[in-house]
DNA sequence: GAACACACGTGAAACGTTTCAGAAGGTGAC
DNA sequence: GTCACCTTCTGAAACGTTTCACGTGTGTTC
């Protein structure tokens, strides 16, 4: 590809004029305009301002332009000025790909989706994605999102890193024996995760402090005077699930309240399963029947509410119900649901900070971070907030 | 950076052996391994297989390797074989950045988010993103997602295209006078949109046929025997909103049913506004009071349901209610909501196809596409589906 | 006035790929 | 035996940037 300088020379006009004629950024006498266009046509030139053009206009070498623009080496004030002006006049923007190739750093962070099943509670993740992109950009990076199958997710990760598409990864939706984490650790690829795996693996992650969250909501229920408080958790075995259950015990212990084993039910993360668990709780003898039910997800809380409603039990008055996640739906159900909100912007910023530490090979002060969720009190636990 | 060949020469071993020693992909005698590691250390070499290494191992030039691997020029069967074997043995993966620079094509598609307000109905968009990524990858592209402010979104788009970060864009969440569309059209940047703007602008888009959707649900209500059918739409002026309202009129006209002006209400897209509109409808004299209310979004339908519930009017029995979008919540509310599902995978695939046509400068057979949504019947309109 | 240090710039190489233009060698026709 | 023409391969340039190693010119010091 010809340079702007060559076009200008052929048309016998200054470089700047050639640029203006081609870009339309300023008016140029018709005659000159014509000859510039003809020259460009002849050379097969399409407008692409590069560092060479800036150098030619400023009358310096490309090295000097690079130094002046990046402040990467001392340049006299006068030349710097000329370079900056030339760059501005030509509306020069460095081509990232040149930089990428030379530095062997893409400044791109990979983020993989797997298909979100309909109805699964993922409305949170798109907000996470937004804030992640935001945070990443504040470091001059961008996010490359890709789709991967749920069966062999590592293929996509391997391909992206081996072809130098990305510098590192951010993971969400981790699980206990996450093959992606195992692969990335082994291949020594920089990454940071939103979510834990298991405590044998040492890798950078940020997670919601589910234990603290359920503790918060349980304390809230205790304050309201409840003494028979039930919990519907997930089946044992998941790190975050077990942590949430632990928060329940911690709060009851701290308040020296009795815990009855019948009050702790386990169910899959679905509204139907939670409804069934609620039915069992309500079937307990009245002395044992709980007056409050804490759930480890909004989805489950809604199942419980549906069950109670269908039995004529008034949520918020007769039985308090709480969730976890603060999904958009939590505000809309009837009555609105008390729940725990994950500070998604904060989480995203922190996980990105962890990744940046990995990328720059700076040992982070803390590689594992837990963020406490925020208790959002609504009418499902607090009758005073019930609509008139 | 030194090449694998140089390391091998220094260590006085075959290239393949050097690779195996460094990568651990195959066992290598301890003595050779040591000398390879020493050689790599001395040259400051870290394992990065490039086309040069493949060429050296296959004993051909890098040009030949490129031709053989890409089938971009005739190569004799024997050499092709040797090249392929060498590439496989070294686990060679071309560095995209080299290719990018040379071709001046990034094979990256930009996709911008703006912050999704809490509770706004965006759970659909993350599924769109997934399917978009999937579709884009089938063309060998990837998606670069970025965050942009709602005030001046064009800055982000301009920056990405001017720095050669991306080849084109996919837009979602378009609006009537979308500045992004205007900019991209003017700057002749390839893009395709999910959503329309206004009919003066000619650009490639895919959109849900909202008119047909509301027509479908209205026909469904008519079939069920309703004759007094109301509609709660958005304030006049939005392309997609007006189209949805039109579908209502079309269905009633086709069935020769009367339309009463009091039955068509306008409200903002919120559950509260929709509840208020429902209250007005229910306050009509009984001869005029509708027995079915179609809404142009699930969010509004839920507001209507909440209102009816609170007044003791049984949704599905006394008054039918329908929504639009099939948000996850639609299945969970009580009773489950009849609504219209947007075929998100199909939409994503089609918008990507449009963009690819733009990128390859192939004139697409059709640049504007409407996709009919699918009617999902649940208990909110069909009492037979009511839970026991 | 020679020797040196320093400030400022520059030419050229490098990153990894594709691709152009042409070299080498073989084959067939006359 | 010469020529032309394939087929198969290669050297080198190109993409746009950063950066290394080295000029050049000026001023300072003795």
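Residue numbers (the numbering used here), protein chains in the order written: chain A, 1 to 388; chain B, 389 to 776. Glycine included, every Cβ here is placed at the ideal spot set by N, Cα and C.
Could you name the residues of chain B that residue i contacts, counting a contact when the two beta carbons are closer than 8 angstroms?
i: residue 143/A; result: 532, 533, 534
i: residue 226/A; result: None at all; the shortest Cβ gap to chain B is about 25 angstroms.
Do residue j and residue i have their beta-carbon atoms positioned less than 8 angstroms apart in this structure?
i: residue 317/A; j: residue 383/A; result: yes
i: residue 239/A; j: residue 172/A; result: no
i: residue 763/B; j: residue 608/B; result: yes
i: residue 636/B; j: residue 596/B; result: no
i: residue 691/B; j: residue 658/B; result: yes
i: residue 69/A; j: residue 83/A; result: yes
i: residue 583/B; j: residue 631/B; result: no
i: residue 492/B; j: residue 101/A; result: no
i: residue 810/B; j: residue 450/B; result: Examination of residue 810/B is not possible in this model, given that chain B is present from 389 through 776 alone.
i: residue 370/A; j: residue 294/A; result: no
Could you tell me which of the options sits nearest to residue i, measuring between CA atoms?
i: residue 496/B; options: 480/B, 517/B, 524/B; result: 524/B
i: residue 579/B; options: 570/B, 646/B, 564/B; result: 570/B
i: residue 432/B; options: 473/B, 458/B, 606/B, 392/B; result: 392/B
i: residue 20/A; options: 36/A, 256/A, 12/A, 281/A; result: 36/A
i: residue 193/A; options: 11/A, 357/A, 52/A, 242/A; result: 357/A
i: residue 113/A; options: 89/A, 372/A, 148/A, 311/A; result: 148/A
i: residue 672/B; options: 653/B, 658/B, 437/B; result: 653/B
i: residue 258/A; options: 246/A, 229/A, 83/A, 30/A; result: 229/A
i: residue 225/A; options: 201/A, 232/A, 252/A; result: 252/A
i: residue 765/B; options: 437/B, 749/B, 739/B, 719/B; result: 719/B
i: residue 282/A; options: 16/A, 311/A, 150/A; result: 311/A
i: residue 428/B; options: 412/B, 396/B, 441/B, 729/B; result: 396/B
i: residue 773/B; options: 734/B, 421/B, 703/B, 740/B; result: 703/B
i: residue 52/A; options: 87/A, 81/A, 25/A; result: 87/A
i: residue 334/A; options: 322/A, 67/A, 363/A; result: 322/A
i: residue 740/B; options: 610/B, 420/B, 529/B; result: 529/B
I think residue i touches residue j, with their Cβ atoms under 8 angstroms apart; what is that distance to the nearest whole Å?
i: residue 688/B; j: residue 768/B; result: Actually they are not in contact, since the Cβ atoms of residue 688/B and residue 768/B sit about 13 angstroms apart, beyond 8 angstroms.
i: residue 185/A; j: residue 203/A; result: 6 angstroms
i: residue 594/B; j: residue 742/B; result: 7 angstroms
i: residue 480/B; j: residue 533/B; result: At roughly 29 angstroms, the Cβ-Cβ gap does not stay under 8 angstroms, so residue 480/B and residue 533/B are not in contact.
i: residue 212/A; j: residue 372/A; result: 5 angstroms
i: residue 330/B; j: residue 680/B; result: Here chain B has residues from 389 to 776 only, and residue 330/B is not among them.
i: residue 390/B; j: residue 399/B; result: That pair is no contact at about 12 angstroms.
i: residue 483/B; j: residue 95/A; result: That pair is no contact at about 17 angstroms.
i: residue 298/A; j: residue 327/A; result: 5 angstroms
i: residue 477/B; j: residue 404/B; result: 6 angstroms
i: residue 179/A; j: residue 153/A; result: 7 angstroms
i: residue 712/B; j: residue 728/B; result: 5 angstroms
i: residue 106/A; j: residue 166/A; result: 6 angstroms
i: residue 661/B; j: residue 655/B; result: 4 angstroms
i: residue 143/A; j: residue 156/A; result: About 15 angstroms; that fails the 8 angstroms criterion.
i: residue 263/A; j: residue 290/A; result: 6 angstroms
i: residue 410/B; j: residue 445/B; result: Between residue 445/B and residue 410/B the Cβ distance is about 14 angstroms, and since that is not below 8 angstroms, they are no contact.
I'd like to confirm the pairing. Which residues does DSSP put opposite residue i in its beta bridges?
i: residue 111/A; result: 145/A, 170/A
i: residue 581/B; result: 559/B, 593/B
i: residue 322/A; result: 294/A, 338/A
i: residue 618/B; result: 681/B
i: residue 376/A; result: 339/A
i: residue 756/B; result: 593/B
i: residue 653/B; result: 620/B
i: residue 49/A; result: For residue 49/A, which the question treats as bridged, DSSP gives no partner whatsoever.
i: residue 315/A; result: 319/A
Residues of chain A with CB closer than 8 angstroms to the CB of residue i, please, in chain order.
i: residue 486/B; result: 101
i: residue 517/B; result: 113, 126, 129, 145
Strictly below 7 angstroms CB to CB, what residues from chain A border residue i?
i: residue 734/B; result: The premise fails here: residue 734/B is roughly 14 angstroms from chain A at the closest Cβ pair, so nothing lies under 7 angstroms.
i: residue 521/B; result: 113, 145, 146, 147
i: residue 482/B; result: 163
i: residue 525/B; result: 146, 147
i: residue 513/B; result: 126
Which residues in chain B have a C-beta closer than 9 angstroms to the C-beta of residue i? List them in chain order.
i: residue 70/A; result: Simply none; closest approach about 14 angstroms.
i: residue 332/A; result: 507, 659, 687, 690, 691, 694, 717, 721
i: residue 106/A; result: 484, 485
Starting from the beta carbon of residue i, find every residue of chain B whose beta carbon is closer than 7 angstroms, and list them in chain order.
i: residue 309/A; result: 722
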